[in-house]
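Mind the numbering: the sequence shown is residues 72 to 145 in this note's numbering, read in order.
Here's the structure, in structure tokens; my notes come after.
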Amino acid sequence: LRTARSEIEAIAGTDENPVREAMQEMLRHRLWLQQHGAEAPLEQLDSVRDAIADAQRSIDNQLLRIERARAPLP
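Dropping the structure here:
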């Protein structure tokens, strides 16, 4: 992920980096779980789980785009 983030920053700059944003979003939710997960209601835990999954999908999509960009042209 860090390599992908570096490549995207080299291309798009640091202002628009969807990998960095998704990683930060995932970290925010993981920290929230550490701090509040034990007493959080199930609905809130489901919401956090879904948000983490969304962030992971976003990262996966960006990594796929990088992989396609690296592929040699036929």
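Quick reminder that beta carbons are idealized off the backbone N, C-alpha and C, glycines included.
Hey, could you find the ends of the alpha helix (DSSP H) glutamate 114 is sitting in?
113-141
Identify which residue in Ser118, Glu110, Ala140 and Leu113 has its Cα closest to the Cα of methionine 97.
Ser118
Look at the alpha carbon of glutamine 115 and the alpha carbon of glutamate 92, and state the distance between them as a whole number of angstroms.
22 angstroms
Of the residues Arg141, Gln106, Ala142 and Asn132, which one's Cα is nearest the Cα of proline 89?
Asn132
Which class does alanine 109 belong to by DSSP, given the choice of helix, strand or coil?
coil
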